[in-house]
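All remarks here apply to the structure that follows.
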Amino acid sequence: MKDIKIEDRLIFALDVPEVEQAKDLVNQLDDSVTFYKIGMELLMTGQYFELMDWLIAKDKKVFVDLKFFDVPETVGRTIARLSQTGATFATIHGNQGLMEKAAENKGDLKILAVTALTSLDRGDLDDLGFDCDVQDLVISRAKRAFEAGCDGVVSSGLEVPFLREYVDNKLIAVTPGIRPVANDDDQKRVVD
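For the sequence shown, counting from 1, position 7 maps to -9 in my numbering; every step adds exactly one.
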């Protein structure tokens, strides 16, 4: 995987319902965290981009975790506009056309392809019509993400060793849901 500065290896998820709560967390963490993920819940506050600007003004890096999934042209135009905001990372779903259009329009923005949501297991893949196990899907999508020009992937920590073995080491691997204690939420593929 790409060489990443030690201070940028932890991305703190601002998974809270209100912008003021997010700002309070950032202020409490102060200089101990330099990189923050903001996702869909904060988007719905109507203050998402104001929060992004606030973080960037505080010299923080921003990971836009909205998992874009639409027709390739729309995703490409969205990524082109997002690349002008100062965000560092953005997520898209790992479909070939989306990855190619996002990579074409990314500018300095780093594109992370979601290989398989960590809430999915083999049974879910069967329900979705995939005839493979999760690991095979993750490796296949990661290879295609690299070929399409994406900078990295989002995957469970369970798959990272396989990504390092089967996919170019230049690909960034971001592992979501790292928590200090076990949690019985919707994440199915976790490292204990």
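Glycine is no exception: its CB is placed at the ideal position from the N, C-alpha and C atoms.
F47 is bridged by DSSP to K21 and F73. Between the stretch 53 to 63 and the stretch 6 to 15 there are fewer than three inter-stretch CB-CB distances shorter than 8 Å, so the stretches are not counted as touching.
Judged by DSSP secondary structure, K127 falls within the alpha helix (DSSP H) whose first and last residues are V118 to A132. Following the DSSP letters along the chain, one finds V55 in no beta strand (DSSP E), marked with neither H nor E. Take the alpha-carbon of I156 and the one of K(-11): they are about 12 Å apart. For the options Q31, K85 and P160, the alpha carbon positioned closest to that of A129 is the one of K85.
Beta bridge pairing from DSSP links I95 with A74.
It is roughly 28 Å from the alpha-carbon of Q80 to the alpha-carbon of Y32.
Between the alpha carbons of G141 and N153 lies a gap of roughly 15 Å.
Residue pairing by DSSP puts A157 in a beta bridge opposite V137. Annotation for N11: the continuous alpha helix (DSSP H) segment containing it runs V3 to L13.
By the beta-carbon neighbour count (other beta carbons within 10 angstroms, threshold 16), R148 is exposed. For E34, the enclosing alpha helix (DSSP H) has its first and last residue at Y32 to A41. Contact check for L96 against V48 fails: the beta carbons are separated by 7 Å or more. Just so you know, the alpha carbons of G133 and V122 end up roughly 16 Å apart. Within the same chain, I63 and S67 come within 7 Å of K90 by CB-CB distance, once the 5 residues on both sides are set aside.
A Cβ-Cβ distance of about 7 Å is found for the pair I76 and K51, placing them in contact under the 8 Å criterion. Excluding sequence positions up to five before and after M36, its CB lies within less than 8 Å of the CB of I22, V46, V48, T69, G70 and A71, all in the same chain and listed in chain order. The beta carbons of D(-8) and T18 sit about 6 Å from each other, so the pair counts as a contact at 8 Å.
Ranked by how close their Cα comes to the Cα of I40, the residues E25, V10 and G30 have V10 in first place.
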